[in-house]
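Novice: In terms of mature numbering (1 follows the signal peptide of the UniProt record, and there is no 0), the sequence shown is residues -22 to -1, 1 to 205. For every residue, glycine included, the Cβ atom is placed at its ideal position computed from N, Cα and C.
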Amino acid sequence: MTILGYPILLVLTILKHDFIVSIFSPATHESIKKHPKYKDASLWGRVWAAPVGQLYLQGGLEYQLQEGYCMPTTLRNVLKSIKSVDANDIPEAKRGPSVPEKYAAKIDAIGHTVSTVVFGSDGYIAFVEALKLANDPNYRVALNFLRSPVFGINRPSFAPHNLLMALAGGHFSNIVGYLEDEDLVAVFDVNHTYGPYLVESRRLFDAVNAHDFQSGKTRGLVVSQLH
C-alpha cells in the first residue's frame, strides 16, 4: 500500500483537487474523542430511554462482522428495530452497496419503508431537519459519512495509507437519536472499535458533506419513513 499510495494520491490530487481540498481541511481538526461529552453516560441514558432508542435496543443492535460490512449491518439494525418486519425478511450481512442511493433502494425493496437521501450538498439546514426525524418512531435515519472529519487523520498523517483512508474511507452507521438541546447526534457506529458516541451536528455535517470519489456526489443521510 505504501508503494502504491503516493502515485494514487498524486492522481487524486491532479484529477480531484477540489474534492481533496473540501475534505482535507475538516479532517485536520482534533478528534471528537477529546470532546468531554463524546461518551457521556448520562446523555446516552437519555438516548436509550427515548422511544427510538428503545426500539433499537429491543431489536438488538449489532456490529459489523468485518470491514466492508457496514452498509448491510446498518440496514439490519434498522430493520430489527421495526416491529412489523419478519426476521426472515432481514438479509444476512454481506458486502453490499456503498452509496446512499443503493442503500435506500435495498431497504425499500423489503417493503416496510420509503426512503429519501439527504445529501450533504443539500445544505446544513436540510441536514439538521433530517436529524430531527431520528427522534420520530415513524422514521429511521442511516448515516453515510467520511470518518476523518470526525476523528481526524490517523497517525502518522503523512503515511499514504492513512491519507487515502482520510480522503476515501467512507462508512455507514445508525443515527439512533438527536439531542437537540445539546446539539449532539447519537451515532451507533457499527465498527465496534468506535461503538456509540455523541458528535456535534456541524462536525458530523462536515463528514457527510465530504465527496465520494466513486459517485462524484457528497455523502448523505438516508431517511426511511415506515409504512
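1. Pick from Leu162, Phe183, Ala82, Met49: whose alpha carbon is nearest that of Ser202?
2. Do you know whose CA, among His205, Arg24, Leu121, lies nearest Asn55's CA?
3. Roughly how many angstroms separate the alpha carbons of Gly31 and Val154, rounded to a whole number?
4. To test your reading of the DSSP string, which unbroken beta strand (DSSP E) runs of 3 or more residues are found completely within the stretch 170 to 202?
5. Any contact between the stretch 104 to 118 and the stretch 154 to 173? By contact I mean 3 or more CB pairs, one from each, below 8 Å.
6. Is it true that the CB of Leu33 sits closer than 8 Å to the CB of Ser59?
7. How would you call Ala71, buried or exposed, if buried means at least 16 neighbouring beta carbons within 10 angstroms?
8. On the DSSP letters alone, give me the boundaries of the beta strand (DSSP E) that Gly148 sits inside.
9. Can you tell me the Cα-Cα spacing of Pro50 and Arg24, whole angstroms?
10. Using a Cβ distance threshold of 8 Å, determine whether the stretch 171 to 178 contacts the stretch 60 to 69, with at least three qualifying pairs required.
11. Among residues of its own chain, excluding the 5 on either side of Val92, which ones have a beta-carbon nearer than 8 Å to its beta-carbon?
12. Can you check the stretch 84 to 113 for any alpha helix (DSSP H) of at least 4 residues that lies completely inside it and give the ranges in chain order?
13. DSSP has Val119 in a bridge; who is on the other side?
14. What's the C-alpha gap between Val77 and Gly89?
15. If I measure Cβ to Cβ from Pro29 and keep anything under 6 Å in the same chain, skipping five residues before and after, which residues do I get?
16. So Val106 and Gly198 are supposed to be a Cβ contact under 8 Å. How far apart are they, rounded?
17. According to the Cβ coordinates, are Asn11 and Phe150 closer than 8 Å?
18. Rounded to a whole number of angstroms, what is the C-alpha to C-alpha distance between Asn152 and Asn169?
19. Tyr47 and Arg73: beta carbons closer than 8 Å?
20. Measuring CA to CA, which of Ser193, Gly194, His13, Val163 is closest to Trp22?
21. Who are the Cβ neighbours of Pro134 in its own chain at under 6 Å, not counting the five residues just before and after it?
22. Among Gly98, Ala108, Leu57, which one has its Cα closest to the Cα of Leu124?
23. Out of curiosity, what's the CA-to-CA distance linking Gly101 and Glu8?
24. Just to confirm the assignment: which complete alpha helix (DSSP H) runs, minimum length 4, are found wholly within the stretch 9 to 66?
Specialist: Considering the structure as presented:
1. With distances taken between CA atoms, Ser202 lies nearest to Ala82 out of Leu162, Phe183, Ala82, Met49.
2. Per the Cα distances, Leu121.
3. The straight-line gap from Cα to Cα measures roughly 6 Å.
4. Runs of beta strand (DSSP E) with 3 or more residues, each lying fully within the stretch 170 to 202, are found at 174 to 178, listed in chain order.
5. Look at the beta carbons and you see the stretch 104 to 118 touching the stretch 154 to 173: at least three pairs across the two are nearer than 8 Å.
6. Yes, Cβ-Cβ distance for Ser59 and Leu33 is below 8 Å.
7. Taking every protein chain shown into account, the CB of Ala71 has 16 or more other CB atoms within 10 angstroms, so this residue is buried.
8. 148 to 157 is the extent of the beta strand (DSSP E) around Gly148.
9. Approximately 27 Å, taken between the alpha carbons.
10. No: the two stretches stay apart, fewer than three of their Cβ pairs being nearer than 8 Å.
11. Result list for Val92: Asp86, Ser202, Gln203, His205, in chain order.
12. The qualifying runs are 102 to 110.
13. The partner list for Val119 (beta bridge, DSSP) reads Ile153, Val201.
14. So the alpha carbons of these two residues sit roughly 20 Å apart.
15. Only Pro115 meet the Cβ criterion.
16. Going by Cβ atoms, the distance from Val106 to Gly198 rounds to 14 Å, so no, they are not a contact pair.
17. Strictly speaking, residue 11 in this sequence is Lys, with Asn absent from that position. For Lys11 and Phe150, no; Cβs fall outside 8 Å.
18. Approximately 11 Å, taken between the alpha carbons.
19. Yes, they are a contact pair.
20. It is Val163 whose Cα lies nearest to the Cα of Trp22.
21. Low confidence applies to Pro134: its pLDDT is 49, below 50, so where it sits in the model is not reliable, and the reading given next is rough at best. Excluding residues within five positions, none has a Cβ falling inside 6 Å.
22. For the residues Gly98, Ala108, Leu57, the minimum Cα distance to Leu124 belongs to Gly98.
23. One C-alpha to the other measures close to 23 Å.
24. Within the stretch 9 to 66, the alpha helix (DSSP H) runs of at least 4 residues that lie entirely inside it are, in chain order, 19 to 27, 29 to 37, 48 to 58.
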